Amino acid sequence: MAARTPAAAAAASSFLRSVPPRNAAGRLAWFLGGASAASSDAGIGSGEFVAWHNGGGILHRAASVDPTAVVEAGAVVHSGAVLGKDVVVASGAVVGPSVSVGQSTKIWYNVVLSNCSVGEFCTIHNGSCIGQDGFGFFVGEDGQVKKKPQMLHARIGDHVEIGANTCIDRGSWRDTVIGDETKIDNLVQIGHNVVIGKCCMICGQVGIAGSATLGDYVTLGGRVAIRDHVSIASKVRLAANSSVTKDIQKPGDYGGFPAVPINEWRRQTANLRMFSKKNGDRR
Numbered sequence: 029m030a031a032r033t034p035a036a037a038a039a040a041s042s043f044l045r046s047v048p049p050r051n052a053a054g055r056l057a058w059f060l061g062g063a064s065a066a067s068s069d070a071g072i073g074s075g076e077f078v079a080w081h082n083g084g085g086i087l088h089r090a091a092s093v094d095p096t097a098v099v100e101a102g103a104v105v106h107s108g109a110v111l112g113k114d115v116v117v118a119s120g121a122v123v124g125p126s127v128s129v130g131q132s133t134k135i136w137y138n139v140v141l142s143n144c145s146v147g148e149f150c151t152i153h154n155g156s157c158i159g160q161d162g163f164g165f166f167v168g169e170d171g172q173v174k175k176k177p178q179m180l181h182a183r184i185g186d187h188v189e190i191g192a193n194t195c196i197d198r199g200s201w202r203d204t205v206i207g208d209e210t211k212i213d214n215l216v217q218i219g220h221n222v223v224i225g226k227c228c229m230i231c232g233q234v235g236i237a238g239s240a241t242l243g244d245y246v247t248l249g250g251r252v253a254i255r256d257h258v259s260i261a262s263k264v265r266l267a268a269n270s271s272v273t274k275d276i277q278k279p280g281d282y283g284g285f286p287a288v289p290i291n292e293w294r295r296q297t298a299n300l301r302m303f304s305k306k307n308g309d310r311r
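Mapping to the working numbering: the sequence shown position 59 is 87, numbers consecutive.
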């Protein structure tokens, strides 16, 4: 068998570098780091992204990951990210550059984290997105819609639980903040610059517009809407489907559109029902 010439050997080596490896971790590292990053098991370690020993996910070499952290196959951790002790990053999740995740936090399937920090002992359920740009636009002098810069972060406290497909935008003029022990249901939208205190309960389909401020121990029923730049005092409870259009300065129960003290809302509802019946009888 004739020996290969140096040119043939170089061509063969180039071909092997262009072929994705067979194992899943190697293929993803090859895709993220370029063909030369993962042409073989040894080659996986030569690129910017490497396979993680605990779970089979992919890490950037510049990430800081505790040895006890689990990064499952199909998850990606980018440069500058920090994962603490016993963190779990499930398949399909993406931890973006410069994101920090505290001890024992669980990041479940298809979660995307960017421009944010997440505290200790948190749970972020499937499909949630934290730290993306807020909805900030204005019409310029030329009549074109222009985007306001969204340059700050989202800060998630300790022992926070965030439901599936919930979105929390990063800040523009102040960081978006979620306080310790706050629990957030599925399908909640929290706009940029929102500050939420500790031990709040936020039910499904709530929408909180940008720059709103909520105190501690606030409870929002399902589908509550809060307009931008509104402040809500601590220990306020809002009935489902309420809409907050101005500041609420005293603790208590509120409901209606616009939201008023709960007893006033009940009287409004009763009076409207009685008025409707009287008008029906006249007809």
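Note that beta-carbon positions come from the ideal geometry of N, C-alpha and C, so glycine has one too. Since this is a predicted model, take the numbers as computed values, not measurements.
Within the model, the alpha-carbon separation for ILE254 versus MET179 is close to 23 Å. Under the three-state reduction of DSSP output, GLN217 falls in the strand class. Excluding the 5 residues flanking it on each side, VAL116 has same chain C-beta neighbours closer than 6 Å at VAL98, LYS134, in chain order. Within its own chain, the residues whose Cβ lies closer than 7 Å to the Cβ of ASN138, once the five positions on either side in sequence are excluded, are GLY120, ALA121, ASN154, GLY155, listed in chain order. If you draw a 10 Å sphere on the C-beta of HIS106, you find 16 or more other C-beta atoms in it, and that means buried. Using a Cβ distance threshold of 8 Å, GLY162 and SER142 do not count as a contacting pair. Between the alpha carbons of GLU76 and SER128 lies a distance of about 19 Å.
The DSSP-derived three-state label of LEU266 is strand. Looking at the DSSP output, ILE190 sits in a beta bridge with ILE152, ILE212. For the pair VAL234 and ALA192, the Cα-to-Cα distance works out to about 13 Å. Excluding five sequence positions before and after PRO95, none of the CB atoms of its chain fall closer than 6 Å to its own CB. Annotated as distal: ASP244 and ARG265, with beta-carbon spacing of 8 Å or more. VAL205 and GLN296 have their C-alpha atoms some 35 Å from each other. Taking C-beta atoms under 8 Å as the contact rule, ILE158 and ILE196 qualify, at a distance of about 5 Å. With a 10 Å radius around the Cβ and a threshold of 16 neighbouring Cβ atoms, SER304 comes out exposed. With respect to VAL252, GLY225 sits apart: the two C-beta atoms are not nearer than 8 Å. In terms of CA proximity to ARG198, PRO177 leads the group HIS187, LEU215, SER259, PRO177. Counting every other CB atom within 10 Å of its CB across the protein chains shown gives ALA90 a total below 16, marking it as exposed. Excluding its 5 nearest sequence neighbours in each direction, GLY83 has C-beta neighbours in its own chain below 7 Å: VAL98, VAL99, GLU100, ALA101, listed in chain order. DSSP, reduced to helix, strand and coil, places SER132 outside both helices and strands of the structure shown, so it counts as coil. For TRP80, same chain residues with a beta-carbon under 6 Å away, outside a window of 5 residues either side, are LEU87, VAL99 in chain order. Within the model, the alpha-carbon separation for ASP256 versus GLU169 is close to 24 Å. Nearest neighbour of CYS150 by Cα position, chosen from SER92, VAL188, SER126, LEU248, turns out to be VAL188. Secondary structure at PHE77: strand, using DSSP grouped into helix, strand and coil.
If you draw a 10 Å sphere on the C-beta of VAL173, you find fewer than 16 other C-beta atoms in it, and that means exposed. Under the DSSP assignment, GLY225 falls outside any beta strand (DSSP E); it carries neither an H nor an E label.
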